[in-house]
Each structure stands twice: as C-alpha cells, then as structure tokens.
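Those protein sequences? They're chains L and F, same order as listed. Residue numbers for the first sequence follow this note's numbering, so the first one is 3 and each next one is one higher. Residue numbers for the second sequence follow this note's numbering, so the first one is 461 and each next one is one higher. The structure appears right after this line, and notes come after that.
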Amino acid sequence: MDVWNYLEYAAWVLSALVAAIMLIDLIKVDTTYDNELLTSSREGELELTQERHEL
Amino acid sequence: MSNATVTEAPQRLGLLRVLGPGHVWALGVGIVLVGEYMGWNFSVGKGGMIAGLVACWVAGLLYTCVAMIDSEVTSTVAAAGGQYAQAKHIVGPLMAFNVGLFLVMAYTMLEAANAITIGFLLDTVAGMLGHTGLNQKPFIILTILALAWLNYRGVLASLSFNLVITAFAFVAIIILFVSVKFGVSAVPLDFSAVTNEPLPYGWLGVVAALHFGLWYYLGIEGTCQAAEEVRSPARSLPFGTMAGIMTLLIAATLTWYVCSGLIPWEYLGNAGTPLFDAARVTGNTSLMVLLFIGTAFATTASANGCINDASRAWFSMGRDRYLPSWFGAVHPRYRTPYRSIVFLVPIALIFALGAPLDQVITFSILSGLLGYTFMTFNMFMFRRKWPLGSIKRGYVHPWHPLPALVLLLICGATYFAVFLGYGTQLIAMLCFYIIASLWFHFWRYRFVKRGDQFTMPWPRPQGY
Chain L
3 MDVWNYLEYA
13 AWVLSALVAA
23 IMLIDLIKVD
33 TTYDNELLTS
43 SREGELELTQ
53 ERHEL
Chain F
461 MSNATVTEAP
471 QRLGLLRVLG
481 PGHVWALGVG
491 IVLVGEYMGW
501 NFSVGKGGMI
511 AGLVACWVAG
521 LLYTCVAMID
531 SEVTSTVAAA
541 GGQYAQAKHI
551 VGPLMAFNVG
561 LFLVMAYTML
571 EAANAITIGF
581 LLDTVAGMLG
591 HTGLNQKPFI
601 ILTILALAWL
611 NYRGVLASLS
621 FNLVITAFAF
631 VAIIILFVSV
641 KFGVSAVPLD
651 FSAVTNEPLP
661 YGWLGVVAAL
671 HFGLWYYLGI
681 EGTCQAAEEV
691 RSPARSLPFG
701 TMAGIMTLLI
711 AATLTWYVCS
721 GLIPWEYLGN
731 AGTPLFDAAR
741 VTGNTSLMVL
751 LFIGTAFATT
761 ASANGCINDA
771 SRAWFSMGRD
781 RYLPSWFGAV
791 HPRYRTPYRS
801 IVFLVPIALI
811 FALGAPLDQV
821 ITFSILSGLL
831 GYTFMTFNMF
841 MFRRKWPLGS
851 IKRGYVHPWH
861 PLPALVLLLI
871 CGATYFAVFL
881 GYGTQLIAML
891 CFYIIASLWF
901 HFWRYRFVKR
911 GDQFTMPWPR
921 PQGY
C-alpha cells in the first residue's frame, strides 16, 4: 500500500459522498417544493420585460 | 410539504442572471483549450507539419465563421439552450429537437473524454513516481461527480472557477512560447521538416488532417448556452464569443509553432499530451510542472463547461416539453437546472467508463459538426425571415452570406475527412439521429405546447 492506493480509496469515498449530497438535496427539494413552482421557468422573460426588439 | 417555505419562495423560478463577458469567455475557451493540450497533434500524424498548420488555420476560419454567425443570432435569441432555442424560433421543432440532441451528445461525450484524460494524466504521474497499475476509475468518477456538484451549486461559482483555471492554462502556453523563444529550451526549434518533408502523404493528408484540426476550437459555440444567465446578453455574448475565438486562434498558432519546432513530426503525430511533451523536451523542470498543471486545468475546465452546457440544453428541451417537463426544473436556492445536471451524470459515467477515448471523441466531433452544418441554414433563414432593420440585434456579422457559405464548404470537406477515418461511426451517428427524429415526430411532439415554445416578441417573419 502506498500513497496512490490511499488516494484511490479517498477518491471512491469522496465520489460516494458527493453523489449522496446531490441526491439527498434533490430529493429534499423535490419533496419540499411544489413541482409547478420548480418547473415555472419560462424562456424569454428578459425580452418581455426589458428588451422590446424594436429599433 | 412545508407551506411556510413555499410561500416564502418567489412565484416563478428562473435561472440566475449573474454572469459577465469574462464568464462567457471562460465558458467558451474553457471547453476548448484542452484541444490545444491534446488531440490537435493527430492532424500532424495524418499529413505532416504543413498539413497540421493548414488544418489549424482552415479550422480557425471555420470557427471564426461559427463565432460570427453565433454572435449575431444568439445576441437576438438570448435563451438557455443556445442553438436549440435558435433552431426552434428560426427553423422549426424537428430541427430544434435534433440540434438539442447534437448539443447534449457533443458536450456529454466531451465531458466523458475529459474525465478519461484526467484518469490517464494521474496514471502518467503515478508511473513517473514509481507506482504502476493505478486504478483510474475512482478518479474518473470523482471528476464527473465533483464538477457536477459544483454546477449544481450555482453558475457563478462554477464559471468563476473556470475563468481562473482557463486563464492559467492559456498563460501557460504563452509562457512556454516566450521561454522557448528566449532560449530556455535545451533543444533548439527545428523546422527543417517543413522543407524536407512538406507533405509526406500529399494533399489527401491535408484533407485528412482537417478532422483533427477541429480540436483546436471545438466547443467555442458553447458560449450561447449562457444566454439566459448573463446580465446583458446582447453585449456580453458577442463580446465573450469573439474574444474567445481570438484567444483560441492565438493559442492554436503558438501551440503548433512550439510543438512542431521541438518535437519531430513523426512523434508529435502520436503524442498523448503534446504541450506537456514539448515542455519535457526543453529539459526545464519549471516548464514541465507548469504545462502539467496547465494540462490538468484545461481538462478540468473543459469538463466543467461541458456539464454546464449539456445541462442547459437538456433543461431547455424539458422546459418546452420536447423531453419530459420534469427536466425543466430550477433549483429554488441555487437557481440551476439541477435535475438535468444530476440526470446527465450517469450518462457521462457510462461513456467515460465503458467506451474507448477515440470513439467517444469522434462521436462528440460528429455531433458538433452536424450542429455547425445547421448553423449555415439557420443563418440564411434568419436573415431572410427577419432582415436587418426588422428586429434589434446585439451584433451584426459582416459580409453575409460569405461566412455561412465558407462554413458550409469547410463542413463538407470535414465530413469527407471524417469519413476517411471514421466512416462507420459517421453512418451510425446519422442512423441514431434519424431514429430519434422519428420518435420525436411520431410520438413526443404531441406533448409539446406548440404556442408556448415561441417566446421572442418578434414581428411576423417576412413572407408569412
């Protein structure tokens, strides 16, 4: 066992940790907020409010 | 469900507008600069030193056309999804669906290729330090997951990170060039092969080299994906994109010059990490360390930018119901397309862990090439339907239709070059997109809210 073996184990552990953090947050958000709100984004809102595309 | 939390949240969630021109530059150049650190040199292997330079500049011309065309259209269609949103408004739904897929496939596969490269780099370092048989898998997985998490947490942090590491990788190339010119290298620059063996495989070698010439610039069009997150799209997007292509033209020419001068073309044509190898040839330890870090940073920046772009394209398609609307969600706190980011992680991992590097990159290049071909038709239709003076444009590219025609011509030549080396993959890729188009046309399009997808408050197109 040398430092590279330890780094391999550390990479596995960190990968599992990051994946768990992301998945837990995703589940938490999905169960806390209404899906209508989460998917309420609309394309082109800036154009409607600020840019009129007029010369 | 926590009612208290829901009532405190805004009524409508959107992506956060926090980016400036520097972030746009970092996104575009960040995705691409890895091509200077590896990959471009196979063009030298295909046709010799001159062919490598011709490929560098012809591909540079192609991408200058891409950057000019993209800057004009995207400064007008400022929406996440970039070319997908452009196709939706200008050409039609089936084209938009295909362009969305081109984008997701090109960026996800490039992300996978970058993760594979980081594993390879670490294996190389471990080998140099006396450790053999490094298991690359945990490092590949960690790269993809850590960068996905960074993107999940917010676009400002992820693209500020890209700005720093991309700038470092670019400056490393400049330092290598200046050091070599001022005699730091133990080996002098040698361009004798230019006269001794100008075209070892003839003009066909020059055409074949075009395929790998794309590596110098592949992905600069990714700047468009930030359209919905920049503070001033009409100004920042053209500025960031044009500054990006200028940076890459400089970096590409310097890279060819230093590597071709220091490394014999027969070796350069097969090198895994040409800039790092050039630094090793100089015999200067500081340059070696600098270019190794540059290689690692360029690769990381590319993977990071690819996650950003692929997730925005996937998110936009979900928001328009071209894909299940579940993907069109925005994180209430971080304001990122979090479901799309998480969904694309296993897909990137499948390619990174289960497919060979050259195949992954070839599929990425082919998807990109199909996207560039779309841009030519898109530009003609855009100028015909909404001529100059009919809508506000943040940037107007000069000499239309010349850039679009040049782009179409070079795309045709590059298809031929790809067919010479990867004909089976080209046909397989086209079959995949045809099957996906049939699925969209006969099944998926019934779920699309047809009136809602056209969001730009433009006048009626000319002729309609």
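A virtual CB, placed ideally from N, CA and C, is assigned to each residue, including glycine. Keep in mind that this is a model prediction, so the values were computed, not measured.
Test item: CB-CB of residue i and residue j under 8 angstroms
i	j	result
F:Asn-501	F:Cys-719	yes
F:Gly-495	F:Leu-659	no
F:Gly-520	F:Tyr-676	yes
F:Leu-865	F:Val-690	no
F:Leu-493	F:Phe-630	yes
F:Ala-773	F:Ala-539	no
L:Met-24	F:Trp-609	yes
F:Arg-695	F:Leu-476	no
F:Leu-867	F:Tyr-893	no
F:Arg-844	F:Gln-922	yes
F:Met-777	F:Gly-560	yes
L:Val-15	F:Pro-792	no
F:Leu-563	F:Ala-763	no
F:Ile-634	F:Gly-488	no
F:Thr-874	F:Leu-670	yes
Same chain, Cβ closer than 8 angstroms to residue i, neighbours up to 5 away in sequence not counted
i	result
F:Val-585	Phe-752
F:Met-565	Phe-823, Ser-824 and Ser-827
F:Trp-663	none
F:Val-749	none
F:Phe-803	Trp-774 and Phe-787
L:Ser-42	none
F:Met-841	Ile-550 and Val-551
Residue interval of the alpha helix (DSSP H) (run including residue i)
i	result
F:Ile-895	862-902
F:Met-569	553-588
F:Ser-785	First-last for F:Ser-785: undefined, no H or E at that position.
F:Gln-546	543-550
F:Trp-485	481-492
F:Tyr-661	Where F:Tyr-661 is concerned, there is no enclosing alpha helix (DSSP H), given that its DSSP letter is neither H nor E.
F:Met-702	693-722
F:Pro-734	734-742
F:Ser-620	615-641
F:Trp-774	745-779
F:Phe-837	817-845
F:Ala-808	798-814
F:Phe-502	502-534
Close-in-space but distant-in-sequence residues of the same chain around residue i (CB under 6 angstroms, 5 per side omitted)
i	result
F:Gly-490	Asn-622, Thr-626, Ala-761 and Gly-765
F:Ala-808	Thr-568, Glu-571, Ala-572 and Ile-604
L:Asn-37	none
F:Ala-758	Leu-493, Val-494, Tyr-497 and Ala-629
F:Phe-699	Pro-481
F:Ile-870	Leu-522
F:Gln-685	Gly-542, Asp-769 and Arg-772
L:Val-5	none
F:Met-509	Ala-653, Val-654, Ser-720 and Trp-725
Cβ shell of residue i (< 7 angstroms), same chain only, five flanking positions each side left out
i	result
F:Gln-913	Lys-548 and Asp-780
F:Phe-775	Ala-540, Phe-787, Gly-788, Pro-797 and Ser-800
F:Leu-880	Ala-668
F:Pro-917	none
F:Ala-646	Thr-742 and Gly-743
F:Asp-583	Leu-594 and Gln-596
F:Lys-909	Arg-781
F:Phe-672	Gly-499, Trp-500, Phe-502, Ser-503, Lys-506 and Ala-515
L:Ser-58	For residue 58 of chain L there is no data in the structure shown, the boundaries of chain L being 3 and 57.
8 angstroms contact criterion, which residue i and residue j should meet: CB distance rounded
i	j	result
F:Gln-885	F:Leu-826	7 angstroms
F:Val-425	F:Val-514	It is not possible to answer for residue 425 of chain F, since the shown part of chain F is limited to 461 through 924.
F:Pro-598	L:Ala-13	4 angstroms
F:Val-504	F:Leu-728	5 angstroms
F:Ala-527	F:Thr-701	5 angstroms
F:Gly-721	F:Asp-650	6 angstroms
F:Ala-486	F:Leu-619	6 angstroms
F:Thr-707	F:Leu-735	The pair is not a contact, with the Cβ atoms about 16 angstroms apart (cut-off 8 angstroms).
F:Ile-600	F:Leu-813	7 angstroms
- Query: Is there contact here, the region 555-570 of chain F with the region 806-821 of chain F, by at least three beta-carbon pairs under 8 angstroms?
  - Reply: With the cut-off at 8 angstroms, the region 555-570 of chain F and the region 806-821 of chain F touch.
- Message: Using a Cβ distance threshold of 8 angstroms, determine whether the region 767-782 of chain F contacts the region 607-617 of chain F, with at least three qualifying pairs required.
- Response: Verdict: yes, contact present.
- Taking 8 angstroms as the threshold, find out whether the region 886-903 of chain F comes into contact with the region 532-542 of chain F through three or more Cβ pairs. Verdict: no, contact absent.
- Can you find at least 3 beta carbon pairs, one from the region 544-559 of chain F and one from the region 835-847 of chain F, that sit closer than 8 angstroms? A contact exists between the region 544-559 of chain F and the region 835-847 of chain F.
- Task: May I ask you to verify whether the region 844-859 of chain F touches the region 584-601 of chain F, counting CB pairs closer than 8 angstroms and requiring at least 3?
- Result: With a cut-off of 8 angstroms, the region 584-601 of chain F and the region 844-859 of chain F do not count as touching, because too few Cβ pairs lie within range.
- How about the region 634-642 of chain F and the region 739-747 of chain F: do they share at least three Cβ pairs that are nearer than 8 angstroms? Enough Cβ pairs lie closer than 8 angstroms, so yes.
- What residues from the region 5-21 of chain L come within 7 angstroms of chain A, judged by C-beta to C-beta, listed N to C? The chain inventory of the structure shown lacks chain A, comprising the protein chains L and F.
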